[in-house]
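S.K.: The structure is given below, and queries will be raised subsequently.
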Amino acid sequence: MTVTEEPHTGEVGRDRHRKEDARLITGRTMWTENLSLPGMMHLAILRSPMAHARITNVDVSPALRMSGVAEAFTGRDVADLQGAMPCVWPPSDDTVLPAYPPLAVDEVRHTGEPVAVVAARDRASALDALEAIEVDYEPLPVVLDMEAALADGADLVHADQGTNRCFTWTLDSAAAGTGDDARRAEADAEVLVKRRYIQQRLIPAFMEPRSVVVDPTGEQITVWSATQVPHILRLLLAMSTGMPEHKIRVIAPDVGGGFGGKLQVTPEEFIAFAAARKFGRPVKFVESRSETMLSGHHGRDQIQDITVSARNDGTVTGLSVDLKVNMGAYLGIITPGIPLLGAFMFNGIYRFPAYRFDCTGVFTNTTKTDAYRGAGRPEATFAIERMMDDLAAELDMDPLEVRRKNWIEHDQFPYATAAGLTYDSGDYAAATDRAMDLFGYHDLRREQRERREAGDRVQLGIGVSTYTEMCGLAPSRILGQLRYAAGGWENASVRMLPTGKVEVVTGTSPHGQGHETAWSQIAADQLGVPFDDVEVLHGDTRTSHKGLDTYGSRSLAVGGIALVNACRKVVDKARPVAAHLLECDPSDLEFVDGAYRVKGSPGSAKTLADCALAVFSSHDLPEGVESSLDADATYDPENFSYPHGTHLCATEVDTETGRVSIRSYVAVDDVGRVINPMIVEGQVHGGVAQGIAQALFEEAVYDDDGNLLTGTFVDYTIPSSADLPAIVTDRTETPALEHPLGAKGVGEAGTIASTPAVVNAVVDALRHLGVSDVRMPCTPERVWRAIQDARDGAAHVAHEGGERP
Amino acid sequence: MIPAAFDYTRPSGVDEAVGALRDGGEDAKVLAGGQSLIPMLRMRLASPTTVVDLGDVTEMRGVRDDGDALVIGAMTTHDEILHDPLVHEHAPLIAQATETVADRQVRHLGTFGGSLAHADPAGDLPSVASALDATFEVAGPSGRRSVPASEFFVDYLTTVLEPDDLLVSVRVPKLTGWGTHYEKFNRVAQAWALVGVAAAVRRSNGSVAEARVALTNMGPTPVRAYGVEDALTGTAATEDSLAAAAQRAADGAEPSSDPSASAEYRMHLATVLTRRALQAAGGA
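In order, the protein sequences belong to chains A and B.
Going by UniProt numbering, the first sequence opens with residue 1, and the numbers climb by one from there.
Going by UniProt numbering, the second sequence opens with residue 1, and the numbers climb by one from there.
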């Protein structure tokens with residue numbers, strides 16, 4: 001036989017073009033929507049136009065009489081079959097877990113909630129028939145504002161629960177023994193800065209709408225879904241509907257993005273599952289973009305009351321966070337857990353000796369919130385990084401000076417924070433120094449002074465964000481302590497084929513990240529095989545039988561270790577085979593560049609491919625060696641990994657119109673050792689763009705009746721390349737100590753870091769005019785009003801956030 | 001989404017198209033470039049019984065020189081306008097505004113006449129047509145007629161066009177010796193204008209001899225800022241006098257409020273953008 005003769009050079013660290021790009025970019029691949037099965041019916045879903053109402057009557061019979069329509073049903077018709085939407089992360093014993101039927105039965109609690117379903121021979125017929133369904137609603141009071149929802153006597157989203165409070169959760173460093181008492185620090189503070197920041201509601205705008213196909217005709221019911229979480233979907237479908245788990249197969253074919261918006265098990269998936277079972281025929285549901293906007297889960301939406309205690313020299317002594325988080329009307333898969341992911345990050349990179357975090361989840365008549373890129377950490381990072389700038393302003397210090405005074409020094413790692421985490425490694429000074437160089441920090445400060453003195457119409461602002469984040473979700477032990485229902489491990493298998501080619505099976509579920517490329521690079525190095533000899537299989541519970549999928553920058557940080565461990569097992573398993581072939585003792589062999597060599601006798605060698613073929617034939621194996629080199633590994637991390645970095649943003653703010661333009665943007669990130677620099681840079685660019693979008697452009701807005709006013713891309717303004725700056729990226733590299741490759745994670749870093757950098761820059765441009773805050777997104781009008789209010793000497797729109805727009 | 005079912009006809013001439021509209025009755029809709037109608041159909045905000053597609057009406061395409069004016073076929077695409085030398089020479093304001101319309105894809109399909117007949121007050125071209133005192137050539141069952149821009153726009157998404165009328169072409173007087181500028185302000189590059197200002201200024205001996213200013217999205221129809229024009233005419237074309245005149249830009253305008261901008265902010269923007277447009281068009 002022949003093996004690919006290509007001298008092996010290190011793959012890790014190399015700018016490999018992504019092997020998945022050709023098919024993804026051209027769209028010539030298998031998306032869920034491409035799938036067509038014999039006898040398949042197309043579903044369309046009638047959604048509530050009311051934010052809160054009792055359903056007094058639904059009549060689907062006019063729809064049934066329409067051309068092409070096969071079936072139509074209501075929530076009442078499938079009440080026993082449809083299951084209930086699960087929430088797997090109740091943060092406290094007394095978390096309110098309201099009933100959440102996929103298809104509403106008696107009551108609707110947000111606009112867009114599914115009310116009835118039509119199944120037709122084509123999608124157009126199904127959509128036509130929706131218009132014929134008659135629904136009678138009896139309006140109920142609508143609750144939208146979180147503080148109003150928590151007030152005594154407030155109207156209730158779930159009347160049977162008696163409260164709009166979903167949960168409260170507290171982390172107190174004094175009680176936990178991880179630090180001092182934050183309340184005492186406040187009492188003793190020389191300087192006390194209190195701020196209220198508003199995290200507006202965002203809508204994940206992945207490229208491929210959510211789509212699902214269910215085929216009930218085989219031994220296993222097969223579900224194709226545009227999901228980030230095929231394994232979790234299978235498990236929760238089984239647990240919620242009572243269908244045995246082994247009778248369900250879930251496939252996530254190529255999936256067009258997610259950003260956390262597809263880290264969900266959706267009512268639409270459950271409705272399609274129920275419909276397929278009810279009718280015994282395959283069904284397909286593909287949502288429109290309007291449906292994504294209205295009923296796919298939203299993100300952020302927090303009121304953040306932050307108090308920092310400090311000494312006059314700028315040393316911080318305590319941090320208190322009081323958080324109100326909008327759950328929406330129902331709890332999605334991890335809705336109430338999202339702010340907990342932020343709870344450990346409000347203290348950022350700083351040595352806060354005392355920390356207290358109080359969080360309240362609140363129900364309102366809005367679409368549920370859940371994970372959106374960063375999930376809890378962008379919110380936390382925003383608050384602390386805005387606060388460090390505000391503290392600097394309060395003390396008349398440079399924002400970088402305050403940070404330097406308080407951040408954890410390189411020689412202080414590993415560092416146990418007051419929030420209870422141990423940061424393994426980092427070098428904040430190195431990243432900051434590099435960023436300042438690339439940015440031309442001092443020159444820009446000089447220009448800023450000149451423009452201020454000249455009273456220029458366009459003012460210059462400089463924004464700083466020195467962030468860290470926790471990624472690699474997650475140590476199962478910690479998840480258990482936080483009452484998350486599942487673990488945080490990941491699985492990988494390596495199959496050695498007889499020809500020496502390799503199949504890697506991963507439990508991660510890429511939806512644009514490039515795992516096929518990066519995992520191939522890792523396996524190529526570990527096994528000493530060419531990059532092109534590795535195939536990465538994923539996203540089908542039949543081939544990838546075990547996994548916890550992709551979110552929380554976990555795939556490389558956890559799944560990558562599982563892969564390395566599986567590869568090492570293969571190398572170990574092949575060693576006695578190679579020794580047998582070389583007629584030596586296994587302990588005399590070393591494995592270098594894909595071959596076992598006899599130490600001191602470099603001429604005699606057997607490659608892994610030689611061993612694979614020998615094992616395949618199994619004609620002559622040593623005693624006790626099984627006829628397989630395949631290996632499987634599951635890895636559960638001991639700790640998170642902690643990427644960090646420094647982002648600097650320069651904005652030009654037109655004081656006449658309020659328009660903000662980003663003049664320059666520098667991102668220096670430390671994501672540990674890098675597998676593929678090109679992928680990392682792409683992640684940073686995309687992440688920064690998404691963070692800028694929150695700072696300047698995007699916001700989901702409801703009117704007083706609970707109608708979503710930003711239901712299309714006309715009103716929900718997503719920036720395009722024309723609205724974004726050139727981004728200068730660089731890296732420092734402090735390896736993660738607990739990762740065999742030293743890798744951390746990069747999927748969310750850009751989003752986490754960039755939002756406060758931009759808003760800090762906007763405020764910095766205007767501080768000398770008396771502006772101390774601008775609520776996100778910093779629209780031209782909000783910036784203009786902040787300037788007007790400051791000029792008028794009125795209370796700044798600032799801390800209370802002000803009214804829209 | 002998928003549009004509701006409709007009848008479709010594709011005439012090859014203006015008279016045939018008018019006939020098709022007449023036959024289609026109240027619920028017939030004209031399809032030009034489809035950049036507004038198709039989304040409305042897909043979101044089922046419009047459900048016409050008949051769609052009359054003008055794609056084959058070649059006589060409605062192109063720009064021709066007609067002495068002291070240009071005649072622009074209603075079916076001329078934005079992209080064709082952008083590459084037309086006559087437009088650049090005699091009506092650069094149209095090119096300046098067209099360049100800001102949506103994105104390249106939209107400009108390749110969307111048409112000049114379609115934008116005007118759709119009469120979205122946030123569209124860029126209605127205010128430009130208004131500032132240029134364009135004349136709209138309309139074909140209907142009883143023949144052809146000309147409508148001045150000042151009478152063409154009636155209300156939000158409403159023009160003088162009857163259901164069986166067709167906008168055939170637009171006659172744009174050549175502006176020789178004028179400076180023009182279109183100043184657009186939007187949230188993101190592809191978005192509609194929060195406010196836009198179309199300005200044309202003719203200077204003579206350091207003074208403003210004539211000025212025309214029209215505003216985008218400052219009311220249900222394009223708004224001619226006559227107050228600004230009056231204040232400018234005969235004054236020195238200095239920065240101060242342009243700025244003083246621009247202060248009157250929002251006089252009498254009644255813009256709407258929406259999640260992107262309040263009416264109050266739009267009024268403010270109108271004065272700032274008008275000043276900038278005037279300076280670009282006719283500043284010293």
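Note that the Cβ used here is the ideal one computed from N, Cα and C, for glycine as well.
Remember, predicted model here, so these are calculated numbers, not experimental data.
Buried or exposed, going by whether 16 or more other CB atoms sit within 10 Å of the CB of His17/A?
M.R.: A residue is called buried once 16 or more other Cβ atoms fall within 10 Å of its Cβ, and His17/A, having fewer, is exposed.
S.K.: If Tyr467/A sits next to His739/A, beta carbons under 8 angstroms apart, how far is it from one beta carbon to the other, in whole angstroms?
M.R.: Not quite, the Cβ-Cβ distance comes to about 20 angstroms (not below 8 angstroms), so this is no contact.
S.K.: CA-CA distance, Ala631/A and Val157/A?
M.R.: 51 angstroms
S.K.: So, at 8 angstroms on beta carbons, what are the nonlocal neighbours of Ala485/A in its own chain, with the 5 sequence-adjacent residues on each side left out?
M.R.: Within its own chain, the residues whose Cβ lies closer than 8 angstroms to the Cβ of Ala485/A, once the five positions on either side in sequence are excluded, are Val88, Trp89, listed in chain order.
S.K.: Quick one: which unbroken alpha helix (DSSP H) runs of 4-plus residues sit fully inside the region 487-547 of chain A? Chain order, please.
M.R.: 515-527
S.K.: Measuring CB to CB, does Val325/A end up less than 8 angstroms from Glu269/A?
M.R.: No; because the gap between Cβ atoms is not below 8 angstroms, this pair is not in contact.
S.K.: Gly337/A by DSSP, collapsed to three states: which one?
M.R.: helix
S.K.: Quick one: residues in its chain with C-beta nearer than 6 angstroms to the C-beta of Ser36/B, no 5 flanking neighbours on either side, listed in chain order?
M.R.: His118
S.K.: Whose Cβ in chain B lies nearer than 9 angstroms to the Cβ of Val653/A?
M.R.: Annotation: Val653/A has no Cβ neighbours in chain B at a cutoff of 9 angstroms; minimum Cβ distance is about 14 angstroms.
S.K.: Indicate the three-state DSSP secondary structure (helix, strand or coil) for Gln304/A in the structure shown.
M.R.: Note: Gln304/A maps to strand in three-state DSSP.
S.K.: Distance, Cα to Cα, Val188/B vs Gly658/A?
M.R.: 14 angstroms
S.K.: Leaving out five residues before and five after Asp181/A in sequence, what residues of the same chain have Cβ atoms less than 6 angstroms from its Cβ?
M.R.: Ala174, Ala354
S.K.: Among Gly55/B, Ile81/B, Thr49/B, whose alpha-carbon lies nearest the alpha-carbon of residue 304/B?
M.R.: Given a span of 1 to 284 for chain B in the structure shown, any question on residue 304/B remains unanswerable.
S.K.: Check the Cβ of Gln190/B against every Cβ in chain C and list those closer than 8 angstroms, keeping chain order.
M.R.: You won't find chain C in this structure, because its protein chains are A and B.
S.K.: DSSP on Asn406/A, reduced to helix/strand/coil?
M.R.: The three-state secondary structure of Asn406/A, taken from DSSP, is helix.
S.K.: Identify which residue in Gly376/A, Gln200/A, Leu192/A, Asp620/A has its Cα closest to the Cα of Ser320/A.
M.R.: Ranking Gly376/A, Gln200/A, Leu192/A, Asp620/A by Cα distance to Ser320/A puts Leu192/A first.
S.K.: Less than 8 angstroms between the beta carbons of Arg542/A and Pro91/A, yes or no?
M.R.: no
S.K.: Runs of 3 residues minimum, wholly inside the region 114-163 of chain B: which ones carry the beta strand (DSSP E) assignment?
M.R.: 135-140, 143-148, 153-155
S.K.: Note down, in chain order, every chain B residue with its Cβ under 9 angstroms from the Cβ of residue 807/A.
M.R.: This structure cannot settle anything about residue 807/A, because the visible part of chain A is limited to 1 through 805.
S.K.: According to DSSP, what are the bridge partners of Leu460/A?
M.R.: Glu652/A
S.K.: Indicate whether at least one CB of chain B lies closer than 8 angstroms to the CB of Ala124/A.
M.R.: yes
S.K.: Within a Cβ cutoff of 6 angstroms, which residues of the same chain sit near Thr56/A, ignoring the five residues on either side of it in sequence?
M.R.: Cβ contact annotation for Thr56/A (same chain, cutoff 6 angstroms, sequence separation greater than five): Asp136, Glu138, in chain order.
S.K.: Closer than 9 angstroms by beta-carbon distance: list the chain B residues that pair up with Leu709/A, in chain order.
M.R.: Asp258, Pro259
S.K.: Where does Gly672/A sit, in a helix, a strand or coil, going by DSSP?
M.R.: strand
S.K.: Return the bridge partner residues of Trp169/A from the DSSP annotation.
M.R.: Cys359/A
S.K.: Kindly indicate if chain B contains any beta-carbon less than 8 angstroms away from that of Asp715/A.
M.R.: yes
S.K.: Cβ of Leu242/B less than 8 angstroms from any chain A Cβ?
M.R.: no
S.K.: Hey, quick one: how far does the alpha helix (DSSP H) through Leu237/A stretch, first residue to last?
M.R.: Residues 230-241.
S.K.: CB Thr366/A to CB Ala329/A, shorter than 8 angstroms?
M.R.: Result yes, Cβ atoms of Thr366/A and Ala329/A sit closer than 8 angstroms.
S.K.: Can you give me the start and stop residues for the alpha helix (DSSP H) that Asp23/B sits inside?
M.R.: 14-24
S.K.: Taking the alpha carbon of Ala790/A as the point to measure from, which residue in Thr779/A, Arg767/A, Cys778/A has its own alpha carbon closest?
M.R.: Arg767/A
S.K.: Quick check on this structure: which residue in Ile334/A, Arg373/A, Lys599/A has the alpha carbon closest to the alpha carbon of Gln264/A?
M.R.: When C-alpha distances from Gln264/A are compared across Ile334/A, Arg373/A, Lys599/A, the shortest belongs to Ile334/A.
S.K.: Any beta carbon of chain B sitting closer than 8 angstroms to that of Phe697/A?
M.R.: Interface residue, yes.
S.K.: Would you mind telling me which residues of chain B sit closer than 7 angstroms to Glu781/A, beta carbon to beta carbon, in chain order?
M.R.: Ala261, Ser262, Tyr265
S.K.: Mapping DSSP to helix, strand and coil, what is Ala786/A?
M.R.: helix
S.K.: Measuring only between beta-carbons, confirm whether Asp128/A sits less than 8 angstroms from chain B.
M.R.: yes
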